[in-house]
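J.:
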Amino acid sequence: MTVSEKRLVKLQVLLTDSELAAIDDWRFEKRAENRSSAVRELIWLGLKLGEISPQQLDDFLAEMRKL
Amino acid sequence: MTAGISGTALARQFARAVLADQLIADELTRLALIELKYRGESPVDDAAALLGAILSIWRGAAGATPAPFSTRALLASVPPPPDTHRMMVLLVDVLGLSALEAAKTLVVGSEHAEDLLNEGRSKLTLARQVSAIIVEDEPLIAAELAEILREMGVTVAGSAKNMSDAITLAQTATPDLVLADYNLEDTASGGEIVDAIRSFHDCRVIFITGFPEQVLGGDIAEPDFVIAKPYGMNAVKAAVAQCADNMASAALGEK
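This is how it looks when you write it as structure tokens:
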């Protein structure tokens, strides 16, 4: 069994109204427990995508960051 | 320029005051620091250079339709910066830059610096009605501040010399704005008095102090503006007008 981590970090993130609405929509669609767990799941999914399809992740990122 | 405070701290506090939003101002400051570092510009700890970078990022965000969750999406939702006249007045009269330094920060031609400044000063009107109280133990200074405020059209509800008077006054007057001297004869500092007032009444705060680094480095809640002593009438006017603007746009945002 893994020893649980001692420290919890609070992370403050700024979101626009529409971004928050998108997270909430995803949360209900996927039946996530609450908003925080929805955000944590989305982060994990992003990391996972980087592992299984790094090229696709880079393409998404480039599109997101382009001016 | 105010001595004893790092340029970064000064620029960040100024951005917080102008944006009236600590989180977004800090985010902009972080982005600007990265931008300066990326460009290899040093020294990084230069308030004017950092403010210039903050403004350029802030201005560049307007009107874009960026991808959701991108940094640009975040910036696009920030209200636009005050116009160049107002920024000129804030940079010179409140932050203490020279007109030329301010023009450079705002990326306007140095030949326009004085004109912009004078026009900005003449256009300092209140965006909404403002009521204020003054916390100051020197009667002459309190009277002078009250006079400056009244001249601008601010309703001055009174002035207090110490903690208990200030609390009583704030309770009855529920002012929009508290103008406070930081170092008082009283055992409580202006900071502690303002903290006590803010615990029961939400209001904007302008500190006037001979030691700005004390205010910005302290544990008390951050004020909207810090004006260094000896203060000029223009500094008080500019800070009050910007507070009124921020109150007006905050009220719009709530609707």
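For the protein sequence lines, the chains are L and V, in the order given.
With the working numbering applied, the first sequence covers 1 to 67.
With the working numbering applied, the second sequence covers 68 to 322.
All C-beta atoms in this analysis are idealised placements derived from N, C-alpha and C, irrespective of residue type, glycine included.
No experiment lies behind these values; they were computed from the predicted model shown.
#1: Report yes if the C-beta distance between residue 172 of chain V and residue 158 of chain V is below 8 Å; otherwise report no.
#2: The alpha helix (DSSP H) spanning residue 240 of chain V covers which residue range?
#3: If we define contact as Cβ-Cβ less than 8 Å, is residue 135 of chain V a contact residue for chain L?
#4: Looking at chain V, is there any beta carbon in it that lies within less than 8 Å of the beta carbon of residue 38 of chain L?
#5: Alpha helix (DSSP H) containing residue 295 of chain V: first to last residue?
#6: Compile a chain-ordered list of the residues in the segment 18 to 35 of chain L whose CB is closer than 8 Å to at least one CB of chain V.
#7: In chain V, which residues lie with their C-beta within 8 Å of the C-beta of residue 63 of chain L?
#8: Kindly say whether residue 94 of chain V, judged by its beta-carbon, lies nearer than 8 Å to any beta-carbon of chain L.
#9: In whole angstroms, what separates the C-alpha of residue 104 of chain V from that of residue 126 of chain V?
#10: Which partner residues does residue 276 of chain V have in the DSSP bridge list?
#11: For residue 59 of chain L, would you say it is in contact with chain V, using Cβ-to-Cβ distances shorter than 8 Å as the test?
#12: In three-state DSSP terms, what is residue 193 of chain V?
#13: In the DSSP assignment, find the beta strand (DSSP E) that holds residue 198 of chain V and state where it starts and stops.
#14: Show which residues of chain B have a CB atom less than 7 Å away from the CB atom of residue 144 of chain V.
#15: Below 8 Å on C-beta distance, what does residue 12 of chain L contact in chain V?
#16: Jot down the residue ranges of each uninterrupted alpha helix (DSSP H) in the segment 10 to 63 of chain L, minimum 4 residues, whole runs only, in chain order.
T.: From the atom records:
#1: Numbered from 1 along the second sequence, position 105 holds the residue referred to as residue 172 of chain V. Numbered from 1 along the second sequence, position 91 holds the residue referred to as residue 158 of chain V. Cβ distance < 8 Å, so residue 172 of chain V and residue 158 of chain V count as in contact.
#2: Here residue 240 of chain V refers to the residue found at position 173 when the second sequence is read from its first residue. Unbroken alpha helix (DSSP H) run through residue 240 of chain V: 230 to 240.
#3: Taking the second sequence and counting its residues from 1, one reaches residue 135 of chain V at position 68. Yes, residue 135 of chain V lies at the interface with chain L (some Cβ there is under 8 Å from its Cβ).
#4: Counting from 1 along the first sequence, the entry for residue 38 of chain L is found at position 38. Judged by the 8 Å Cβ criterion, residue 38 of chain L is not in contact with chain V.
#5: Numbered from its first residue, the second sequence carries residue 295 of chain V at position 228. Careful: residue 295 of chain V lies outside any alpha helix (DSSP H), inside the beta strand (DSSP E) at 292 to 295.
#6: 18, 19, 22
#7: For this step, residue 63 of chain L is matched to residue 63 along the first sequence. 134, listed in chain order.
#8: Residue 94 of chain V sits at position 27 when you count from the first residue of the second sequence. Closer than 8 Å to some Cβ of chain L, the Cβ of residue 94 of chain V qualifies, so yes.
#9: Here the question's residue 104 of chain V lines up with position 37 in the second sequence. Here the question's residue 126 of chain V lines up with position 59 in the second sequence. Whole-angstrom Cα-Cα distance: 20 Å.
#10: Taking the first residue of the second sequence as position 1, residue 276 of chain V is located at position 209. Bridge partners of residue 276 of chain V according to DSSP: V/295.
#11: Here residue 59 of chain L corresponds to residue number 59 of the first sequence, with the count starting at 1. No, its Cβ sits nowhere closer than 8 Å to a Cβ of chain V.
#12: The count along the second sequence starts at 1 and reaches residue 193 of chain V at position 126. Coil at residue 193 of chain V, not helix or strand.
#13: The count along the second sequence starts at 1 and reaches residue 198 of chain V at position 131. That run of the beta strand (DSSP E) goes 198 to 202.
#14: The displayed structure is made up of protein chains L and V, and chain B is not among them.
#15: Along the first sequence, read from residue 1 onward, the residue named residue 12 of chain L stands at position 12. The CB of residue 12 of chain L comes closer than 8 Å to the CB of 90 in chain V, given here in chain order.
#16: 17 to 29, 35 to 52
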